[in-house]
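Here full-length UniProt numbering is used: the first residue of the sequence shown is 1, the next is one more, and so on. Heads up, the thing below is written out as structure tokens.
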Amino acid sequence: MPLPPSPAFAALNKAASERILILDGAMGTQIQALSLGEDDYTGKGSGCACRHHTDHPQQGNNDLLILTQPEAVEEIHYRYAIAGADIVETNTFSATTIAQADYGLQEAVHDLNVEGARVVRRALDRATAEDGRPRFVAGAIGPTNRTASMSPDVNDPGFRAVTFEDLRLAYLQQARGLIEGGSDILLIETIFDTLNAKAAIFACIQAMEEHGARLPMMISGTITDASGRTLSGQTPTAFWHSVRHANPWTIGLNCALGAAAMRPHLAELSQVADTLICAYPNAGLPNAFGQYDEGPHDTAPQVADFAREGLVNVVGGCCGTTPDHIRAIAEAVAPFAPRKVPAYA
């Protein structure tokens with residue numbers, strides 16, 4: 001028997017039929033601006049001391065801030081919501097046992113995901129209390145730092161650093177936590193290896209079955225260079241057909257490219273996908289110092305071109321974007337109707 005849709009499904013579909021929805025922007029950019037040190041990350045200074053012990057350094061483990069600096073993380077989510085975001089992502093991009101192994105914090109994964117969703121919910125409730133606009137929590141599921149399709153060792157092409165089952169179990173734990181914390185959406189993002197994404201899809205469906213309701217699933221790949229392919233070699237069309245069986249609420253692209261470079265790949269995806277299209281590009285390409293030079297009024301007109309051409313249903317920002325970028329993007333796409341989903345693809 002098919003799972004009943006969650007309450008968020010109807011509200012999201014209604015909103016998406018009326019206008020282009022707005023996703024939030026980069027988390028890392030905002031965290032970097034806080035200039036936090038090791039004691040801030042662990043909570044030993046001002047903040048909440050991490051209840052999970054590890055001897056590893058934690059500076060740079062942005063997900064951990066959910067537990068050690070929850071007020072700071074909540075404030076970032078709140079600023080994106082007030083800037084115009086309808087959908088705000090949890091700060092859980094690396095909140096799997098696979099990614100957290102680098103920091104020795106595998107045991108913290110459940111808490112990271114549950115609290116990650118709760119922190120966003122608090123921020124969105126604050127924003128909605130001010131302006132009455134409903135907003136939705138997207139549980140962010142990143143690609144991990146390993147790939148199931150390719151060997152990390154050029155001298156041993158048959159070697160794999162992770163298995164499909166390793167990924168499934170890690171993603172299942174993450175999805176369970178995100179759902180327990182109150183996520184309205186599950187967002188599988190920045191996909192460079194579709195086999196990793198398939199493990200995440202499998203796990204999300206299993207977690208939804210345990211939960212007893214079907215949450216909207218957003219799936220977003222990343223085109224890594226001018227070849228127009230993912231790292232594991234797929235074109236946007238091939239990527240879509242590889243994940244179409246999951247019946248995602250949105251399919252789309254994020255990261256790696258600025259809006260101008262993303263446009264032809266997004267157009268290709270829009271031509272073949274019979275579901276909503278989501279795009280959240282970087283603020284251009286990084287400069288020699290790893291910084292992003294596009295300001296809000298550089299990025300927003302390019303994203304508005306996506307809307308003007310009828311390519312998108314949901315837009316936001318990835319690396320280098322800020323609440324000001326999201327505010328400018330929301331204003332720029334407001335005059336345009338959302339993409340019409342083709343009856344057949």
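All residues carry an ideal CB built from backbone N, CA and C; glycine is no exception.
Using 8 Å as the threshold, is the C-beta distance between residue i and residue j below it?
| i | j | result |
| --- | --- | --- |
| Cys278 | Thr250 | yes |
| residue 356 | Asp63 | Residue 356 is absent from the structure shown; the chain starts at 1 and stops at 345. |
| Ala8 | Phe93 | no |
| Tyr78 | Arg19 | no |
| Leu112 | Gly139 | no |
| Leu3 | Arg214 | yes |
| Val314 | Leu253 | no |
| Pro248 | Met218 | yes |
| Val120 | Val88 | yes |
| Thr96 | Tyr41 | no |
| Leu186 | Ala199 | no |
| Ser220 | Glu180 | no |
| Val109 | Gln100 | yes |
| Met150 | Ser232 | yes |
| Leu285 | Trp240 | no |
| Thr54 | Leu12 | no |
Please name the residue, chosen from the options, that lies closest to residue i on a Cα-to-Cα basis.
| i | options | result |
| --- | --- | --- |
| Asn282 | Gly317, Ser17, Asp298 | Gly317 |
| Thr68 | Ala256, Cys48, Ala83, Gln59 | Cys48 |
| Asp225 | Cys255, Ile205, Ile98, His241 | Cys255 |
| Ile82 | Pro157, Gly116, Ala129 | Ala129 |
| Gln173 | Glu210, Asp156, Gly158 | Glu210 |
| Asp39 | Met27, Ala26, Asp156, Asn61 | Asn61 |
| Ala117 | Gly84, Pro70, Pro157 | Pro70 |
| Tyr80 | Ala261, Asp298, Phe159, Met27 | Met27 |
Rounded to whole angstroms, what is the Cα-Cα separation between residue i and residue j?
| i | j | result |
| --- | --- | --- |
| Pro323 | Ile76 | 9 Å |
| Val341 | Val303 | 19 Å |
| Thr163 | Ala148 | 6 Å |
| Ala207 | Gly290 | 37 Å |
| Ala203 | Gly212 | 14 Å |
| Gly132 | Cys50 | 35 Å |
| Pro5 | Ser183 | 14 Å |
| Ala337 | Phe306 | 11 Å |
| Asp274 | Thr237 | 12 Å |
| Pro57 | Cys319 | 24 Å |
| Ser17 | Ala334 | 13 Å |
| Ala72 | Ile141 | 21 Å |
| residue 353 | Ala10 | Nothing can be reported for residue 353: it is not among the residues displayed for the chain, which extend from 1 to 345. |
| Ala345 | Arg339 | Only weak support exists for where Ala345 lies, its pLDDT of 44 falling under 50; the coordinates are left without a value. |
| Gly25 | Ala33 | 14 Å |
| Asp298 | Ile191 | 26 Å |
| Ala261 | Ala288 | 18 Å |
Give me, in chain order, the residues of the same chain whose beta-carbon lies closer than 7 Å to that of residue i; leave out the 5 immediate sequence neighbours on both sides.
| i | result |
| --- | --- |
| Ala267 | Leu311 |
| Asp86 | Ala15, Leu21, Ile22, Arg135, Phe136 |
| Asn196 | Pro143, Thr144, Thr147, Ala148, Leu167 |
| Gly37 | Gln59 |
| Ser242 | Thr194, Gln234 |
Quick one: what's got a C-beta closer than 6 Å to residue i's C-beta in the same chain, skipping five residues either side?
| i | result |
| --- | --- |
| Met296 | First, the amino acid is wrong: residue 296 is Pro here, not Met. These residues qualify, in order along the chain: Asp324, His325, Ala328. |
| Ala161 | Arg146, Pro152 |
| Ile201 | Ala246 |
| Gln30 | Ile76 |
| Ala300 | Ala328, Ile329, Ala332 |
| Glu74 | Val119, Arg122, Ala123 |
| Gly258 | Pro281, Asn282, Gly284, Leu285 |
| Glu294 | Ala283, Gly284 |
| Leu65 | Val73 |
| Thr90 | Gly116, Ala117, Val120, Gly139, Ala140 |
| Phe159 | Ser151, Asp153 |
By Cβ distance, which residues of its chain are closer than 8 Å to residue i, with the 5 residues on each side in sequence left out?
| i | result |
| --- | --- |
| Arg308 | Phe336 |
| Ile98 | Thr144, Asn145, Arg146, Val162, Asp166, Leu167, Ala170 |
Item to complete: Give, in chain order, every unbroken run of the beta strand (DSSP E) that is at least 3 residues long and sits entirely within the stretch 142-192.
Response: 185-191
Fill in: Length-filtered (3 minimum) beta strand (DSSP E) runs lying within the stretch 75-123
Listed in chain order, they are 87-89.
Discussion item. Suppose only complete runs of 4+ residues qualify. What are the alpha helix (DSSP H) ranges in the stretch 265-344, listed by chain order?
Written reply: 296-308, 323-333
Discussion item. Report the start-end ranges of each beta strand (DSSP E) in the stretch 201-263 that is 3 residues or longer and not cut off at the edges.
Written reply: 217-221, 250-258
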